[in-house]
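Take any residue in the sequence shown, note its place counting from 1, add 362, and you have its number in this note's numbering. The C-beta atom is built at its ideal place from N, Cα and C for all residues, glycine as well.
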Amino acid sequence: MNKWYLLNVKEYDFVTGKLQDGNQAVVGLLLPNLAVAVFDNDGNFLELREFPAEDEMQDIDTGITAIQTKLDLTQGAIKIKEFFLDGRYVGLKDMPDDYVTFLENLDSDEIDENEREYYPEDIESWKENNLFLFVWAKDYWMDGNTGEINST
């Protein structure tokens with residue numbers, strides 16, 4: 363069974379919502395284009411659509427609004443499953459890569475003392491606070507209970 367992740371972002375570098383065809387979407391600026399990550403109702407990633415950003419749409423808000431209008435997107439919360447597009451640095455992960463690397467290499471001599479001291483507590487806090495990582499050209503720490511951005 364795949365885990366669901368709630369995203370509910372109304373203003374930032376991207377927004378979430380439903381498309382007219384019923385699919386779910388994330389719309390945002392992925393330079394040099396505007397992009398739409400499309401998901402079915404079961405939360406499965408379908409495609410990343412990219413639209414050339416016109417000069418007047420280089421402003422994030424203007425560009426996102428233009429694509430929202432073009433696709434008739436209604437802003438709101440979406441529930442999606444884990445995915446990752448390495449070539450565009452877009453996706454969703456349970457936790458940051460450095461935490462994963464730490465957990466996979468606990469016995470390694472390559473883990474420094476600082477990581478050994480602080481990472482266990484940081485990772486426990488990450489889990490207790492039900493956080494996850496949404497990546498849209500940069501990392502966003504997301505609140506798993508509300509779907510809102512916790513930190514960038």
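Glutamine 386 (DSSP reduced to helix, strand or coil): For the purposes of this step, residue 386 is taken as residue 24 along the sequence shown, with counting starting at 1. Three-state result, glutamine 386: strand.
According to DSSP, residues forming a beta bridge with leucine 410: To locate residue 410, count along the sequence shown from 1; it is residue 48. Leucine 410 is bridged to Ala399.
Assigned secondary structure, lysine 432 (DSSP; H/G/I helix, E/B strand, else coil): The residue labelled residue 432 in the question sits at position 70 within the sequence shown. It is helical.
Identity of the residue in Ile429, Pro414, Trp488 nearest glutamate 458 by Cα: The residue you call residue 458 lines up with position 96 of the sequence shown. Going by the sequence as given, residue 458 is proline instead of glutamate. Minimum Cα distance to proline 458 is reached at Trp488.
Isoleucine 473 to proline 482 span [Cα, whole Å]: The count along the sequence shown starts at 1 and reaches residue 473 at position 111. The count along the sequence shown starts at 1 and reaches residue 482 at position 120. Using only the alpha carbons, I get a separation of about 12 Å.
Rounded straight-line distance, which links the Cα of leucine 433 to that of leucine 381: Numbered from its first residue, the sequence shown carries residue 381 at position 19. Numbered from its first residue, the sequence shown carries residue 433 at position 71. For leucine 381 and leucine 433, the distance between alpha carbons rounds to 7 Å.
Any 3 or more C-beta pairs closer than 8 Å across the region 366 to 375 and the region 394 to 403: no
Whole-angstrom distance between leucine 468 and isoleucine 442, CA atom to CA atom: As a first step, residue 442 is located in the sequence shown; it is residue number 80 there, counting from the start. As a first step, residue 468 is located in the sequence shown; it is residue number 106 there, counting from the start. Approximately 31 Å between the Cα atoms of the pair.
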